[in-house]
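Undergrad: Please read through the structure below; I'll follow up with questions.
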Amino acid sequence: MTSTGTVQPGGAAAVEGLETAGRAVQPKRIRRRGGWFAWITLGVVCFLWLVPSIGLLITSFRTPEAALTSGWWTVITKPFQDWTTSNYSQVWNGGGSNAFVNSLVVSLPATVIPIFIAAFAAYAFTFMEFPGRDLFFILIVGLLVVPLQVALVPLLKIYGNIGLQGTFASVWLAHAAFGLPLAIFILRGYMTTLPRGVIESAKIDGASHYQTFWRLIVPMSVPALASFAIFQFLWTWNDLLVALIFLGPGEKEVLTVAVAGLVGAQQQGWQLITAGAFISMVVPLLVFLGLQRYFVRGLTAGAVKG
Amino acid sequence: MIKVINALLAIVGGVAGILVLYWVLNFLAERLPGKWEGRLKPYFYILPALAAIGLFLIYPAIQTIIYSFANPTSTKWVGLKNYTDLLTTKDFQITLVNTLLWIIIVPTFVVVLGLAVAVLADRLSSGGERVSKTIIFLPMAISGVAMAAIWRFVYEVRPAGTTQIGLQNAVWTGLGGNPVAWLQEDTFKLNTFFLMIILIWGQTGFAMVLLSAAIKGVPEDTLEAARIDGANERQTFFRVVVPQIWGTVITVFITVLIGVMKIFDVVYVMTGGNFNTNVIAVSFFNQLITNGDAGKAAAIVVMLMIAVIPVMIYQVRHFRAEEASR
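If you want it as structure tokens, here you go:
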């Protein structure tokens with residue numbers, strides 16, 4: 022499925038982590054020697070890829086005076102001079118901890134709420150026959166690429182009218198609904214790869230759809246559920262647009278909004294950008310390093326999201 | 004603390020509410036007489052999802068189209084004025100050109116770079132492959148805002164004569180140039196290209212992962228056959244490997260393209276769309292929030308929707324072909 026490729030994620034055959042996927046398929050694959058050319062080129066590319074992040078990391082531990090008067094690379098010649106953790110404590114105590122909690126408060130419910138709604142719909146689309154099924158599903162596939170901007174102008178007005186504007190609930194509902202097409206798509210893609218025989222025999226044994234769903238399909242779909250959950254969590258954690266429009270800066274600002282504010286503030290509090298950015302990156306990086314396999318599958322599955 | 008408790012309540016309450024809802028729906032479906040149970044149950048299962056999608060995506064999309072023909076507060080019809088106003092201003096024309104450049108350049112570079120890295124990484128030892136792929140993939144995990152913060156320190160400029168603390172200017176002045184405010188330098192759209200670099204840096208890992216999996220899926224015997232026929236490495240790659248992974252190349256290109264069409268955070272944080280770097284999603288945000296003009300904001304979204312239609316048709320077609328071949 023991956024080699025023919027659609028913008029079709031989710032199936033069990035989707036990418037299996039960063040380690041050499043496809044090894045299982047071709048156990049005797051011969052590794053072509055690239056020799057020094059591949060090593061040197063990739064070495065240079067990796068170096069270039071890392072340098073900007075390393076610069077930010079080093080700067081985040083330098084005193085404001087040092088950061089503003091000399092390049093971060095000068096620490097190589099005089100390591101551990103002028104180094105401090107005060108940027109972090111300053112950001113953390115000056116609203117950073119509040120924004121961190123807000124980010125969690127936004128992301129967790131926005132991740133959990135859509136999962137079962139999507140799972141039930143995906144079950145119906147996979148294992149039940151009904152008129153209009155294909156049509157509805159084509160609608161979902163089409164909606165995958167629709168940018169979420171299409172919903173923002175009216176939602177802003179509706180939320181304003183019913184007093185939801187500026188509440189966490191407004192963001193939960195928006196994120197949960199925006200995530201549904203993708204969730205249904207991923208889960209259905211996965212469920213179609215489950216062995217039909219198991220479901221058939223459950224039916225013969227007299228299990229209802231409801232029982233089959235809870236006792237068989239949900240436990241068997243855990244990898245896909247996890248992939249979606251991780252993707253949705255990071256999507257909402259990293260989102261700027263929705264948080265900026267519905268929550269804005271201030272008491273309820275999330276980390277992305279807070280850091281965007283710091284970067285926009287030009288010179289003042291400049292050194293705080295670095296620490297703020299790293300605080301916002303900690304959670305995604307931990308998720309990435311800890312759950313790489315699910316993470317990659319979810320990301321590659323979800324990159325089409327609108 | 005209150006909001007943490009609220010969030011926990013939302014999780015517990017949300018999940019419990021949803022579970023109860025489906026239990027009730029299922030209970031009702033099972034009480035239906037005879038055939039009707041089987042006929043209606045599927046609709047009961049998909050109803051909540053479709054209702055949410057209808058309420059939060061489809062209805063607002065239609066409403067957006069309607070607003071695009073109305074004034075800033077959506078109280079009076081103005082016909083096509085929002086569209087003509089936008090399309091005749093120089094700023095918005097520049098915005099469209101910029102967005103078009105983003106759409107062409109970023110996916111192309113991402114695919115080419117991702118493919119190059121995937122091919123080269125395939126030739127390292129498996130340890131080297133894993134490490135290099137992890138490094139290149141890492142930026143995929145972080146937000147556009149964090150990417151912008153990282154690159155802010157690469158493009159930073161200080162007045163001539165003082166120490167440059169931005170990497171690019173340090174190198175540039177080291178080579179004898181005068182310090183340049185890279186993000187304000189709009190000759191040849193230079194600043195827009197510097198912004199694109201940030202996204203290319205962020206997205207190459209995604210292309211690499213998908214393309215690498217595709218390359219490893221190319222059957223060994225087709226390569227062997229080409230070599231026996233006397234093809235060199237380059238010919239084997241372009242004539243045997245590339246045609247077999249072409250589907251994935253297109254997939255990656257389109258996926259990145261969809262993301263680039265609505266690129267927001269990087270541009271918003273780095274330049275706010277100033278210095279002629281504006282793109283359509285930032286322009287939308289500025290109209291909606293800064294100018295409070297729902298009409299123009301809606302008109303911009305409608306243009307975006309129209310631009311997405313071909314991709315959507317492609318997506319649906321491809322999905323159907325894939326389904327049919329299964």
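Chains A and B, in that order, give the protein sequences.
Take my numbering: the final residue in the first sequence is number 327, and no numbers are missing along the way.
Take my numbering: the final residue in the second sequence is number 329, and no numbers are missing along the way.
Beta carbons are placed, not taken as given, at the ideal position from N, Cα and C, and that holds for glycine.
Taking the alpha-carbon positions, what's the Glu-227 of chain B to Glu-236 of chain B distance?
TA: Glu-227 of chain B and Glu-236 of chain B: Cα-Cα distance of roughly 11 Å.
Undergrad: Check whether chain A comes within 8 Å of Arg-230 of chain B, counting only Cβ atoms and requiring the distance to be less than that.
TA: No, no contact with chain A.
Undergrad: I'd like to know if Gly-179 of chain B contacts chain A, where contact means its C-beta is closer than 8 Å to some C-beta of that chain.
TA: Closer than 8 Å: no.
Undergrad: Could you give the DSSP three-state label for Trp-256 of chain A: helix, strand or coil?
TA: The answer is helix: DSSP assigns Trp-256 of chain A an H, G or I state.
Undergrad: Considering only C-alpha positions, which residue in the set B:Val-259, B:Phe-288, B:Asn-294 and B:Asn-279 is nearest to Ile-108 of chain B?
TA: Ile-108 of chain B has its Cα closest to that of B:Val-259, out of B:Val-259, B:Phe-288, B:Asn-294 and B:Asn-279.
Undergrad: Where do the N-terminal and C-terminal ends of the alpha helix (DSSP H) with Pro-305 of chain A fall, by residue?
TA: That run of the alpha helix (DSSP H) goes 293 to 311.
Undergrad: Kindly list the residues whose CB is nearer than 7 Å to the CB of Trp-80 of chain B, restricted to its own chain and excluding five residues on each side of it in sequence; keep chain order.
TA: Hits under 7 Å: Phe-72 and Ala-73.
Undergrad: At the level of alpha carbons, what is the spacing between Val-166 of chain A and Thr-92 of chain B?
TA: So the alpha carbons of these two residues sit roughly 29 Å apart.
Undergrad: Could you name the residues of chain B that Leu-164 of chain A contacts, counting a contact when the two beta carbons are closer than 9 Å?
TA: Correct list: Ile-56, Leu-60, Ile-61 and Met-315.
Undergrad: By the DSSP assignment, the alpha helix (DSSP H) with Trp-193 of chain A in it spans what residues?
TA: 189 to 212 is the span of the alpha helix (DSSP H), which, as asked, contains Trp-193 of chain A.
Undergrad: Let me make sure I understand the geometry here. Which of B:Pro-51, B:Ile-168 and B:Met-308 has the alpha-carbon closest to that of Asn-182 of chain B?
TA: Note on identity: in this sequence residue 182 of chain B is Pro, with Asn being the wrong assignment. It is B:Ile-168 whose Cα lies nearest to the Cα of Pro-182 of chain B.
Undergrad: If you follow the alpha helix (DSSP H) that Asp-189 of chain B is part of, which residue opens it and which one closes it?
TA: Taken as a continuous stretch (DSSP letters only), Asp-189 of chain B belongs to no alpha helix (DSSP H), as it is neither H nor E.
Undergrad: If you compare alpha carbons, which of B:Leu-99, B:Leu-58, B:Arg-34 and B:Tyr-46 is closest to Met-264 of chain B?
TA: Looking at the Cα atoms, B:Leu-99 is the closest of the given residues.
Undergrad: Using CA atoms only, rank isn't needed, just tell me which of B:Ile-261, B:Leu-89, B:Ile-8 and B:Val-115 is closest to Leu-125 of chain A.
TA: Of B:Ile-261, B:Leu-89, B:Ile-8 and B:Val-115, the residue nearest in Cα terms is B:Ile-8.
Undergrad: From B:Glu-223, B:Asn-279 and B:Asp-125, pick the residue whose C-alpha is nearest to that of Thr-195 of chain B; which is it?
TA: Comparing Cα-Cα distances from Thr-195 of chain B to each of B:Glu-223, B:Asn-279 and B:Asp-125, the minimum goes to B:Asn-279.
Undergrad: At a CB distance below 8 Å, what residues from the segment 201 to 229 of chain A approach chain B? Give them in sequence order.
TA: Those would be Leu-201, Pro-202, Ile-205, Thr-213 and Ser-229, in chain order.
Undergrad: What separation, rounded to the nearest whole angstrom, lies between the Cα atoms of Arg-329 of chain B and Leu-50 of chain B?
TA: Approximately 27 Å between the Cα atoms of the pair.
Undergrad: Would you say Gly-275 of chain B reaches chain A, if we count a Cβ-Cβ gap shorter than 8 Å as a contact?
TA: Interface residue, yes.
Undergrad: Give me the DSSP bridge partner(s) of Ala-281 of chain A.
TA: Paired residues: none, contrary to the question.
Undergrad: Does Pro-175 of chain A have its Cβ less than 8 Å from a Cβ in chain B?
TA: Yes, its Cβ sits closer than 8 Å to a Cβ of chain B.
Undergrad: Could you give the distance in angstroms between the alpha-carbon of Glu-33 of chain B and the alpha-carbon of Gln-232 of chain A?
TA: The straight-line gap from Cα to Cα measures roughly 12 Å.
Undergrad: Does Pro-73 of chain B have its Cβ less than 8 Å from a Cβ in chain A?
TA: Correcting the residue identity first, residue 73 of chain B is Ala in this sequence and not Pro. No, its Cβ sits nowhere closer than 8 Å to a Cβ of chain A.
Undergrad: Are the beta-carbon atoms belonging to Tyr-48 of chain B and Ala-145 of chain A less than 8 Å from one another?
TA: Taking 8 Å as the Cβ cut-off, Tyr-48 of chain B and Ala-145 of chain A qualify as a contacting pair.
Undergrad: Checking contacts by CB at 8 Å: is Val-114 of chain B closer than that to chain A?
TA: By this cut-off, Val-114 of chain B is not an interface position.
Undergrad: So, at 6 Å on beta carbons, what are the nonlocal neighbours of Gly-271 of chain A in its own chain, with the 5 sequence-adjacent residues on each side left out?
TA: Nothing meets the Cβ criterion.
Undergrad: Can you list, in chain order, the residues of its chain with a C-beta nearer than 6 Å to that of Ala-296 of chain A? Leave out the 5 residues immediately preceding and following it.
TA: Answer for Ala-296 of chain A: Ser-81, Asn-108, Tyr-109 and Val-112, listed in chain order.
Undergrad: Of all the residues that make up the segment 167 to 199 of chain A, which are near chain C by a beta-carbon distance shorter than 9 Å?
TA: In the structure shown, chain C does not exist; the protein chains are A and B.
Undergrad: Taking only three categories from DSSP, how would you classify Arg-83 of chain A?
TA: In the structure shown, Arg-83 of chain A sits in a strand (DSSP, three-state: E or B).
Undergrad: Considering only residues of the segment 210 to 255 of chain B, which uninterrupted alpha helix (DSSP H) runs meet the minimum length of 4 residues and lie entirely inside it, listed in chain order?
TA: For the segment 210 to 255 of chain B, whole alpha helix (DSSP H) runs of length 4 or above, ordered along the chain, are 223 to 231.
Undergrad: Can you give me the Cβ contacts of Lys-219 of chain B inside the same chain, cut-off strictly under 8 Å, excluding the 5 residues immediately before and after it?
TA: Excluding positions up to five away in sequence, the list reads Asp-125.
Undergrad: In whole angstroms, what separates the C-alpha of Pro-36 of chain B from that of Ile-14 of chain B?
TA: Cα-Cα distance, rounded: 35 Å.
Undergrad: Quick one: what does DSSP say Ala-149 of chain B is sitting in, helix, strand or coil?
TA: Looking at Ala-149 of chain B - three-state DSSP - the assignment turns out to be helix.
Undergrad: List, in chain order, every chain B residue whose beta-carbon is nearer than 7 Å to that of Met-302 of chain A.
TA: What Met-302 of chain A touches in chain B: Ile-145 and Ala-149.
Undergrad: What is the DSSP secondary structure of Arg-314 of chain A, counted as helix, strand or coil?
TA: Helix.
Undergrad: Excluding the 5 residues flanking Ala-247 of chain A on each side, which residues of the same chain have their C-beta closer than 7 Å to its C-beta?
TA: If we look at Ala-247 of chain A and ignore the five residues flanking it on each side, its Cβ neighbours are Tyr-315.
Undergrad: Distance, Cα to Cα, Thr-251 of chain B vs Ala-217 of chain B?
TA: The straight-line gap from Cα to Cα measures roughly 7 Å.
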